[in-house]
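-7 is the number of the first residue of the sequence shown in my numbering; add one for each residue after it. Here's the structure we're looking at; comments come further down.
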Amino acid sequence: MRHKRLGRKLGVVTKHRKAMLRNMVTDFLRHERIKTTDTRAKELRRFVEKVITLAKLGTLHARRQAAEIISDKSVLKRLFDEIAPRYKERPGGYTRITKLGMRRGDNAPLSMLELVEEEYKPRGRKRTKLAPEKKVKTGEPPAGAKSRKKEAAEELGLVQSEEKPTGEEKEASLSEGEAPNETRKEVE
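Set out below in structure tokens:
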């Protein structure tokens, strides 16, 4: 059972794993991003967060502890002089893992580990505002619109078409003595 076992084996022996992670931390801090598998990115994040927290302390002892992990002196200097001051106010969470999909060949899940900027800038397309939609009254159908069922029934002759009389037809019916539909009341 793996209870309380910290870290991942990554499928390699201990010396190889330590060397690989040291090289990955160094390359990550040099370029501020790295593309690797999901599992390696999750393991790498632990070391990067630890090293940046040490760099924020800025002491000689912290520099020596970070030098055990970072193999390049120029990257170590850059970490303490440029990267750590950016995250002075941030209490942790200096990195972001973004899923990239599957690797061609062995179908391994890939991720991009990158430093979080103070102001998040999305890298996608700019969204444009859509024109406001015209509101249609729900109680009334649009002028001249009939439902499909009514149109089909009229074509088959099942129902007589319910066309509203035009202005001239209304006047003609009123002159004949018929009362308009709106004013006529049925008496029982």
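A virtual CB, placed ideally from N, CA and C, is assigned to each residue, including glycine. Fair warning: this is a prediction, and the values are worked out from it, not measured in the lab.
Self-check item: Option in S66, G84, K10, K141 with minimal Cα separation from L46
Solution: Nearest of S66, G84, K10, K141 to L46, Cα basis: G84.
Self-check item: Local conformation of R(-6) per DSSP, three classes
Solution: Note: R(-6) maps to coil in three-state DSSP.
Quiz prompt | Three-state secondary structure (DSSP) of G3 | solution = DSSP places G3 in the coil class of the three-state scheme, outside both helix and strand.
Exercise. Work out the CA separation of E125 and T29 for me, nearest whole Å.
Key: T29 and E125: Cα-Cα distance of roughly 45 Å.
Quiz item: Which value, in whole angstroms, describes the spacing of the CA atoms of G3 and H53?
Solution: Between G3 and H53, the alpha-carbon positions lie close to 33 Å from each other.
Quiz item: What are the partner residues of T45, as DSSP defines its beta bridges?
Solution: Looking at the DSSP output, T45 sits in no beta bridge, so it has no partner there.
Self-check item: Among V5, T6, L13, nearest to K42 - alpha-carbon criterion
Solution: Looking from the CA of K42, the closest CA among V5, T6, L13 belongs to L13.
Quiz item: How big is the Cα-Cα spacing for A59 and A100?
Solution: Each residue's alpha carbon lies about 31 Å from the other.
Self-check item: Given 8 Å, three or more beta-carbon pairs between the segment 9 to 27 and the segment 66 to 82
Solution: Contact holds: three or more Cβ-Cβ distances are below 8 Å.
Quiz item: Excluding the five sequence neighbours on either side, which residues of its own chain have a C-beta within less than 7 Å of the C-beta of T31, listed in chain order?
Solution: Excluding five sequence positions before and after T31, the CB atoms of its chain that fall closer than 7 Å to its own CB belong to R0, L2, given in chain order.
Exercise. Counting only runs of 3+ residues fully inside the segment 34 to 105, write out the beta strand (DSSP E) ranges in chain order.
Key: Here the runs fully enclosed are 87 to 94.
Self-check item: CA-to-CA distance, M104 to R95, given in whole angstroms
Solution: If I take the Cα positions, the gap works out to 12 Å.
Quiz item: Does DSSP put L107 in a helix, a strand or coil?
Solution: Strand at L107.
Quiz item: In terms of residue numbering, what span does the alpha helix (DSSP H) encompassing L148 cover?
Solution: 140 to 148 is the extent of the alpha helix (DSSP H) around L148.
Quiz item: With C-beta atoms as the reference, is V40 less than 7 Å away from T87?
Solution: Against a cut-off of 7 Å, the Cβ pair of T87 and V40 comes out as a contact.
Quiz item: Roughly how many angstroms separate the alpha carbons of I44 and R(-3), rounded to a whole number?
Solution: Inter-residue distance for I44 and R(-3) is about 24 Å (C-alpha atoms, whole angstroms).
Quiz item: So, using beta-carbon positions, are K18 and S63 closer together than 7 Å?
Solution: Sequence inspection shows Thr at residue 18; the Lys mentioned does not correspond to that position. Yes, they are a contact pair.
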